[in-house]
Amino acid sequence: MQLEQATVIAHAPIQGSYNLLQMRAPGVAARVQPGQFIHVKVPYLEECILRRPFSIFRADGESLSILYKDVGKGTRTLQYLEPGESLSILGPLGHGFPEVSAGHFPVLIAGGYGMAALYLVAQRSPVKGVAFFGGRSAQDILCVPEFEALGWKVLVTTEDGSLGQRGLVTDALDAWWAREGSAHSPELFVCGPGGMLKAAARRAEERNCPAWTSVDNNMGCGVGACLTCVLKVKDGESWTWARACREGPVFNSRDILWEELA
Amino acid sequence: MQLEQATVIAHAPIQGSYNLLQMRAPGVAARVQPGQFIHVKVPYLEECILRRPFSIFRADGESLSILYKDVGKGTRTLQYLEPGESLSILGPLGHGFPEVSAGHFPVLIAGGYGMAALYLVAQRSPVKGVAFFGGRSAQDILCVPEFEALGWKVLVTTEDGSLGQRGLVTDALDAWWAREGSAHSPELFVCGPGGMLKAAARRAEERNCPAWTSVDNNMGCGVGACLTCVLKVKDGESWTWARACREGPVFNSRDILWEELA
Amino acid sequence: MKPDLSTNIGGIRMKNPVMTASGTFGYGPEYADLVDINQLGAIVVKGICLHPTKGNELPRTTEVASGLLNAIGLPGPGVDGFVREYMPFLRTYDTPVVVNIWGKTIEEYAEVAARFDSVPGIAGLEVNVSCPNIKEGSAVFGTDIKMFERVVKAIRSATRLPLIPKLAPNVSDIAEYARCAEACGADAISLINSFPSLAVNLDTRRPILANKTGGLSGPAIKPIALRLVWLAAQAVEIPVVAMGGISCARDALEFLLVGASAVAVGTASFVYPDTALRVAAGIGDFLEKEGIASLSDWVGSIKA
Amino acid sequence: MKPDLSTNIGGIRMKNPVMTASGTFGYGPEYADLVDINQLGAIVVKGICLHPTKGNELPRTTEVASGLLNAIGLPGPGVDGFVREYMPFLRTYDTPVVVNIWGKTIEEYAEVAARFDSVPGIAGLEVNVSCPNIKEGSAVFGTDIKMFERVVKAIRSATRLPLIPKLAPNVSDIAEYARCAEACGADAISLINSFPSLAVNLDTRRPILANKTGGLSGPAIKPIALRLVWLAAQAVEIPVVAMGGISCARDALEFLLVGASAVAVGTASFVYPDTALRVAAGIGDFLEKEGIASLSDWVGSIKA
Ligand SMILES: Cc1cc2nc3c(=O)[nH]c(=O)nc-3n(C[C@H](O)[C@H](O)[C@H](O)COP(=O)(O)OP(=O)(O)OC[C@H]3O[C@@H](n4cnc5c(N)ncnc54)[C@H](O)[C@@H]3O)c2cc1C
Ligand SMILES: Cc1cc2nc3c(=O)[nH]c(=O)nc-3n(C[C@H](O)[C@H](O)[C@H](O)COP(=O)(O)OP(=O)(O)OC[C@H]3O[C@@H](n4cnc5c(N)ncnc54)[C@H](O)[C@@H]3O)c2cc1C
Ligand SMILES: Cc1cc2nc3c(=O)[nH]c(=O)nc-3n(C[C@H](O)[C@H](O)[C@H](O)COP(=O)(O)O)c2cc1C
Ligand SMILES: Cc1cc2nc3c(=O)[nH]c(=O)nc-3n(C[C@H](O)[C@H](O)[C@H](O)COP(=O)(O)O)c2cc1C
Ligand code: FES
Ligand code: FES
Chain A
1 MQLEQATVIA HAPIQGSYNL LQMRAPGVAA RVQPGQFIHV KVPYLEECIL
51 RRPFSIFRAD GESLSILYKD VGKGTRTLQY LEPGESLSIL GPLGHGFPEV
101 SAGHFPVLIA GGYGMAALYL VAQRSPVKGV AFFGGRSAQD ILCVPEFEAL
151 GWKVLVTTED GSLGQRGLVT DALDAWWARE GSAHSPELFV CGPGGMLKAA
201 ARRAEERNCP AWTSVDNNMG CGVGACLTCV LKVKDGESWT WARACREGPV
251 FNSRDILWEE LA
Chain B
263 MQLEQATVIA HAPIQGSYNL LQMRAPGVAA RVQPGQFIHV KVPYLEECIL
313 RRPFSIFRAD GESLSILYKD VGKGTRTLQY LEPGESLSIL GPLGHGFPEV
363 SAGHFPVLIA GGYGMAALYL VAQRSPVKGV AFFGGRSAQD ILCVPEFEAL
413 GWKVLVTTED GSLGQRGLVT DALDAWWARE GSAHSPELFV CGPGGMLKAA
463 ARRAEERNCP AWTSVDNNMG CGVGACLTCV LKVKDGESWT WARACREGPV
513 FNSRDILWEE LA
Chain C
525 MKPDLSTNIG GIRMKNPVMT ASGTFGYGPE YADLVDINQL GAIVVKGICL
575 HPTKGNELPR TTEVASGLLN AIGLPGPGVD GFVREYMPFL RTYDTPVVVN
625 IWGKTIEEYA EVAARFDSVP GIAGLEVNVS CPNIKEGSAV FGTDIKMFER
675 VVKAIRSATR LPLIPKLAPN VSDIAEYARC AEACGADAIS LINSFPSLAV
725 NLDTRRPILA NKTGGLSGPA IKPIALRLVW LAAQAVEIPV VAMGGISCAR
775 DALEFLLVGA SAVAVGTASF VYPDTALRVA AGIGDFLEKE GIASLSDWVG
825 SIKA
Chain D
829 MKPDLSTNIG GIRMKNPVMT ASGTFGYGPE YADLVDINQL GAIVVKGICL
879 HPTKGNELPR TTEVASGLLN AIGLPGPGVD GFVREYMPFL RTYDTPVVVN
929 IWGKTIEEYA EVAARFDSVP GIAGLEVNVS CPNIKEGSAV FGTDIKMFER
979 VVKAIRSATR LPLIPKLAPN VSDIAEYARC AEACGADAIS LINSFPSLAV
1029 NLDTRRPILA NKTGGLSGPA IKPIALRLVW LAAQAVEIPV VAMGGISCAR
1079 DALEFLLVGA SAVAVGTASF VYPDTALRVA AGIGDFLEKE GIASLSDWVG
1129 SIKA
């Protein structure tokens, strides 16, 4: 974990309201684990004082990139940043995804920026498996060629049917599981909206398969000091708070009190 | 006076820390009087809530421009604005310079952005006179060719002698006055730092010549409501406040209580 | 269907709930070229006292993070000057005129109120007890409950006009002041005034403002104001006029949600002179989109 | 020559005047990878009470203009948990450890203080009487002078450690609380805690924070804090620790100028974890450039 002044290498919209920001950040880039994130101070946005967390999409040598969606003030203002300009980042932060367990078959499940967050998992996994990407429409499905190029099978679902199969990501997952699941001993790696996490966690529990889920609780400090980002995890018969930024954002799905997640 | 969304036509550094910002603002541009100003909301600078006042440098048809120096947060941030982007302006504001009185010879005295503020006076004056420009060094002397092109004689002084005569603007003025003043019946049009205004006002009083001075009191609203920008003006035997943004920024030098000016 | 935005603030009938905040809209003419005064819910003018006053020396304002610090010091033309110079202009509009008054003593407050009682075209009085620069003895009217009670009572007996004490924000228990105002016969209350603050200059080692301290206004104080308005609105039956950092319709809707019956736009007018009109229009659009027929259905509808 | 930045806060010797503000720097380990704790003037840890506590539900924070609203609700490991889990780590540093304490009753406050009295490696106690979520009966310790007096007295008799009551900002007369703390035997005072505030969500029509209200911190409150620190510093002889929106050396120098003997960096650490160190270095640079030999020559040197 370090505080680094990164320099923008490339920055452009990629599709819909998603943008790709690539930066030179040798200190942070060198140490990235899949599923970790950086905490970004958006330049020129002084009245919004907090940093914004973004999953590390790619990390190659001295550079890293994030893939972000314009959803509010921070992500709107971030778009003004041009190559050559610099920004303050804090990272790599949090605990990411583990490697796929021996004898298991990796199944990625992603929605929204989750596709970016899982790229390093896909890249670094010695075993290539299957990836389920879901979204509202074609605009929301990211990085399919990149995952395919790494040797993953990608199954796309969209709610409006504009790309891949029509429906929810879990429909495709269920169909696949019924067809091939038993042959495979799946291990789930999930990053997406709360509903998707819960649906995946439920299936993992029912089928008693390991699942790693990345939560996106709002964050303050990003390093474990402010206690903004907490969620309830099991602690024997009771529960305790865990910090998404420190103990997470990736948790063993078994540990989370799903019914309490916001 | 109107609130207008202006569009940047051109924007570039011109010399030293001065920048020229040209914008399309048909509503405001159509009604500009020399010495008036616009009140600019600097885009992307939300934590600084107030507008910033800038003299109108040029106004041609549907466009107008300002010439501004990087001195703080607002003027630094303003520089990020690119052609095609828009900004909110309020103007034209205040009372500007009158036309030169019949039988008088116009003498312009300027320091800093005062050279910009006097350009429209120079352009629209039926009589072309002499202009005294002073600054610390060559970097601070603006627009000399533009004034010469309009038929004005420009006499430059710099404190470090890097351009024109070495010394203060008043040195050059005094020399000229001794040489040619009596032949001319001068009328002064002054815009510059407080010291320059005071020095010019003193000379005008001593020599009983009309003088118009543009003050640059800090401003809040720019339209006369907040009473931030006031200065003391004579009121019979006593004094009263006048608002630089409304009754000014140009005042008859005789009216100002110079010893009280901040 | 267009929602009904009209509201009644202690007898002042307004076509919409958006006023100007005292001291931020001059006496009217300053913004008349830019803003159609007829479209305001009410116009509240800069504070007026008995005699002409000059106010503080410069600097009178300084900018701070998301806010403005001011110590203008209440310069003004006095009652007679105001009535002579500005009332003819203000009477040409179909918009209630609320006069913000202040005094150096309780007697002065009462006298100013009495003088306005007979001036045609005045819809109500807002009483500034919370200006940081006015004291009687060592007690400040706005932060000493006994002084506050005395001044509100004195004004109440001096005028039949709708009376709106404007509460000071720097008290521990705002509900106490709200209830006291109500008990003394106020028709409404307004809050918050700018928050007592300080800015200093490291180079001169002096306070930046000539008056040393000043009042903080603008977006910086909005969360503070929102809590105080919420607490005050729960404490009383009389209507509450809310202000403090309102710069868009959503800000205003928040204050109305927590119980204000009207809002005032202050510092934001300095930035975008048309803010009050945009806020009024935006409130209408929001309520319409939400299918809320009348402003009163939104006021105080917070679930908490 | 390098200026002398050392300062003594009621018996706590600090190499420079910059602490962390309670609740914004965890218990130390959270920032240890990013910040050399040995270079801090002192480390003030998150509020501790007698037993482990869970704090509030989510959301606990929300961003507002130039500030942060928080209602974390004081989760923590309790005295024993803290001493066991964090003191071994904290004792490895050559930096005074100040423990911020709170309780639900006066007895609890006193007991927490007593328990820390015998813990090696603790340099002092800061007493949070101003957390918006703790009350005894209907009275809040920080905004009721009688309760404040009782709690400070009770703690004073329970501990020999340097004692620093942390004042609530939402009072009309801060000097009264400062003097009361001094009279009760406090060794220093600190201020300001975050300012009670509210943010609401128009879509849900509810307060954004689970706790409803929260405390405002960050640059938005700096001008308010600066005035209160100035007034408090004039009221007492004991040292004042100032906080509220400090995010750079110049901010800190302003608080020192108006009379604080030390400062604490709060919310700014969330943004730039190294803020406290940069503030300390920047204070040194400034004093050196101004030719001021010692911090104490700057403290309170405001001309006003
Ligand atoms: C560990 C982690 C990794 C993330 N990775 C990515 C990523 O790779 N790409 C990406 O586009 N986004 C990512 N996000 C979400 C991203 O942080 C938010 O979209 C961003 O902070 C919004 O900032 P803003 O200023 O634009 O929006 P704001 O103006 O702050 O908020 C706009 C809206 O977004 C909501 N929002 C704000 N923060 C979050 C959040 N953390 N989660 C959900 N909703 C939020 C707000 O409640 C509001 O409704 C990640 C979040 C976390 C916690
Ligand atoms: C009527 C009028 C016309 C002006 N015309 C021009 C112009 O044509 N070109 C130009 O470059 N500038 C002009 N100015 C000055 C310009 O408004 C300020 O430089 C600008 O507001 C500074 O904004 P900032 O945010 O960059 O600086 P800030 O961060 O606000 O301040 C930086 C420094 O500048 C000082 N400062 C701020 N405002 C003023 C001011 N009004 N006068 C003097 N010092 C100030 C501050 O005290 C501070 O020391 C004019 C001012 C007035 C009142
Ligand atoms: C420059 C200025 C002058 C003010 N003058 C007065 C005044 O004369 N009387 C008064 O009651 N309030 C006065 N106020 C306070 C405002 O009416 C309002 O209560 C406060 O600014 C908070 O609202 P805002 O944040 O929207 O500005 C003044 C505020 C400012 C900024
Ligand atoms: C997230 C958060 C948690 C806090 N927790 C505590 C606490 O436990 N005890 C306490 O006395 N103050 C607490 N505070 C208040 C700070 O110590 C400080 O007084 C306040 O934030 C003002 O300083 P700042 O503007 O620099 O943040 C907390 C503040 C924040 C933002
Ligand atoms: S974001 Fe601060 S503890 Fe996780
Ligand atoms: S700037 Fe507001 S009155 Fe002149």
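Chains as they are written, first to last, in my numbering: chain A, 1 to 262; chain B, 263 to 524; chain C, 525 to 828; chain D, 829 to 1132.
A virtual CB, placed ideally from N, CA and C, is assigned to each residue, including glycine.
Quick one: list the residues of chain A neighbouring residue i, beta-carbon separation under 9 Å, in chain order.
i, result
"Thr339 of chain B", "Tyr44"
"Glu347 of chain B", "Here the premise fails: no neighbours, minimum Cβ distance about 10 Å."
"Leu883 of chain D", "As written in the sequence, residue 883 of chain D is Gly, which differs from the Leu given in the question. Here the neighbours are Leu227, Val230 and Trp241."
Can you list the residues of chain B that residue i reaches, using a CB-CB cut of under 8 Å?
i, result
"Lys736 of chain C", "Correct list: empty, because the minimum Cβ distance to chain B is about 16 Å."
"Leu649 of chain C", "Result: empty, since nearest Cβ-Cβ is about 21 Å, beyond 8 Å."
Would you kindly work out how many angstroms separate the C-alpha atoms of residue i and residue j, rounded to a whole number?
i, j, result
"Glu85 of chain A", "Gly346 of chain B", "21 Å"
"Leu896 of chain D", "Gly1072 of chain D", "11 Å"
"Ala817 of chain C", "Leu529 of chain C", "9 Å"
"Gly824 of chain C", "Gly1087 of chain D", "43 Å"
"Ala845 of chain D", "Gly709 of chain C", "First, the residue type needs correcting, since residue 845 of chain D is Pro and not Ala in the sequence shown. Those two C-alpha atoms are separated by around 52 Å."
"Val925 of chain D", "Asn836 of chain D", "14 Å"
"Gly1136 of chain D", "Cys491 of chain B", "Past the boundaries of the shown model lies residue 1136 of chain D; chain D is included only from 829 to 1132, so the question cannot be answered."
"Ala556 of chain C", "Phe549 of chain C", "10 Å"
"Arg584 of chain C", "Gly739 of chain C", "10 Å"
"Phe672 of chain C", "Ile630 of chain C", "10 Å"
By the 10 Å Cβ neighbour count, where 16 or more other Cβ atoms means buried, how is residue i classified, buried or exposed?
i, result
"Gly365 of chain B", "exposed"
"Gln277 of chain B", "exposed"
"His879 of chain D", "exposed"
"Asn562 of chain C", "exposed"
I want to verify the contact list: residues of chain A whose CB lies under 8 Å from the CB of residue i, in sequence order.
i, result
"Glu891 of chain D", "Cys48, Ile49 and Leu50"
"Ile900 of chain D", "Cys226, Leu227 and Thr228"
"Gly895 of chain D", "Ile49"
Under 8 Å between beta-carbons, which chain D residues line up against residue i? List them in chain order, please.
i, result
"Val71 of chain A", "Those within 8 Å of Val71 of chain A in chain D number zero; the least Cβ separation is about 14 Å."
Residues of chain B with CB closer than 9 Å to the CB of residue i, please, in chain order.
i, result
"Arg615 of chain C", "None at all; the shortest Cβ gap to chain B is about 20 Å."
Below 7 Å on C-beta distance, what does residue i contact in chain C?
i, result
"Ala1132 of chain D", "Arg730, Pro731 and Lys736"
"Cys483 of chain B", "Phe794"
Below 7 Å on C-beta distance, what does residue i contact in chain D?
i, result
"Ser654 of chain C", "Here the premise fails: no neighbours, minimum Cβ distance about 11 Å."
What residues of chain D sit near residue i, judged by a beta carbon separation below 9 Å?
i, result
"Ser825 of chain C", "Arg1033"
For a contact defined as C-beta to C-beta under 8 Å, what are the partners of residue i on chain C?
i, result
"Leu1081 of chain D", "Leu726"
- Of the residues that make up the segment 690 to 722 of chain C, which ones have a beta carbon closer than 7 Å to any beta carbon in chain D? Cβ contacts with chain D come from Asn694, Val695, Ser696, Phe719, Pro720, Ser721 and Leu722.
- Using Cβ-Cβ distances below 9 Å, what residues of the segment 788 to 821 of chain C are close to chain B? Cβ contacts with chain B come from Thr791, Ala792, Ser793, Phe794, Val795, Tyr796, Pro797 and Asp798.
- Taking only beta carbons into account, state which residues of the segment 548 to 570 of chain C come closer than 7 Å to chain B, listed in chain order. Cβ contacts with chain B come from Thr548, Phe549, Gly550, Glu554, Tyr555, Asp557 and Leu558.
- Query: Going along the chain, which residues of the segment 726 to 752 of chain C sit with their C-beta nearer than 8 Å to a C-beta in chain B?
  - Reply: Of all residues in the segment 726 to 752 of chain C, Gly742 and Pro743 have a Cβ within less than 8 Å of some Cβ in chain B.
- Item | Uninterrupted beta strand (DSSP E) stretches inside the segment 670 to 700 of chain C (no shorter than 3 residues) | If we require 3 residues or more, the beta strand (DSSP E) runs fully inside the segment 670 to 700 of chain C come out as 687 to 690.
- Item | Positions along the segment 26 to 42 of chain A whose CB lies within less than 7 Å of some CB in chain D | In summary, the residues of the segment 26 to 42 of chain A whose CB is separated from some CB of chain D by less than 7 Å are Lys41, in the order they occur in the chain.
- Message: Which residues of the segment 971 to 996 of chain D have a Cβ closer than 7 Å to any Cβ of chain C? Give them in chain order.
- Response: Of all residues in the segment 971 to 996 of chain D, Thr971 have a Cβ within less than 7 Å of some Cβ in chain C.
- Message: To be precise: take each residue of the segment 234 to 259 of chain A, compare its Cβ to all Cβ atoms of chain D, and keep it if any distance is under 7 Å. Which residues remain?
- Response: Identification of residues in the segment 234 to 259 of chain A having a C-beta nearer than 7 Å to some C-beta of chain D yields Trp241, given in sequence order.
- Mind checking the segment 463 to 484 of chain B against chain C and listing, in chain order, the residues whose C-beta falls within less than 7 Å of any C-beta there? Considering only beta carbons, the part of the segment 463 to 484 of chain B lying closer than 7 Å to chain C consists of Asn480, Gly482 and Cys483, in chain order.
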